[in-house]
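Undergrad: For the sequence shown, my numbering gives the first residue as 73, with consecutive numbering after it.
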Amino acid sequence: MYINQGKMQFENDEIKELFGIKDGEKDFPIYLQNIIVDLIYKEIGLVRTNNDIFSSLSRIDKNVVLDVIQNIESMYSLIQKTDYSNKYLTYLWYYLPNNIYKVWAPLIDLATLGELKTNIKILDIGTGPGSLPIGVIELYKVLAEKFGEQKFNLNYSPTKN
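#1: When the Cα atoms are used, what is the spatial distance from residue 107 to residue 179?
#2: Give a yes or no on whether the C-beta atoms belonging to residue 203 and residue 171 are separated by under 8 angstroms.
#3: Helix, strand or coil: which one does DSSP assign to residue 101?
#4: Could you tell me the alpha carbon to alpha carbon distance between residue 125 and residue 111, rounded to whole angstroms?
#5: Quick check on DSSP: helix, strand or coil for residue 142?
#6: What is the DSSP secondary structure of residue 195, counted as helix, strand or coil?
#7: Between the Cα of residue 166 and the Cα atoms of 119, 75, 127 and 137, which residue gives the shortest distance?
#8: Inspect the CB distances between the region 113 to 124 and the region 138 to 145 and report whether three or more fall short of 8 angstroms.
#9: Grab me the residues of residue 234's own chain with a C-beta within less than 8 angstroms of its C-beta, minus the 5 sequence neighbours each way, in chain order.
#10: Ends of the alpha helix (DSSP H) at residue 205?
#11: For residue 225, count neighbouring C-beta atoms within 10 Å of its own C-beta (all shown protein chains included) and say buried if the count is 16 or more, exposed if not.
#12: Roughly how many angstroms separate the alpha carbons of residue 219 and residue 82, rounded to a whole number?
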């Protein structure tokens, strides 16, 4: 990667390699998967004994999983303002990983076109549970880890309805 007029210019397959895109499929970063599993364990009162994600998830009570599934189904079927107050696990487990990629998609498109800037300003209108800032910060974190000599500046302004 090199910078041209404040915009990142990527070479060859750097974008695919950086963001875990393989044949159009994306891999959700392992470190984020582990953070989510840790938060789920904390919420339901379990102590995590290893870092294996599959075995950690298999220890979660079936009723907790069914409650998350029921919440997802009800959130899609009800036409009303979204209320996350009793849906922490549902959001954490299902929506956060999906919504991070919704944030990443336009940024990766900009990167592909050579239009992603090193200095950005974000106005988050109607700030929800945090997908936008987490998604943007994590994308730039990946860039900063790979290109440590480059400085990035993120200016984030949240607003509430």
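Glycine is no exception: its CB is placed at the ideal position from the N, C-alpha and C atoms.
TA: Quick look at the numbers:
#1: 23 angstroms
#2: yes
#3: coil
#4: 13 angstroms
#5: helix
#6: strand
#7: 137
#8: no
#9: For the chain, the structure presents residues 73 to 233; residue 234 sits outside this window and is missing.
#10: 203 to 218
#11: exposed
#12: 11 angstroms
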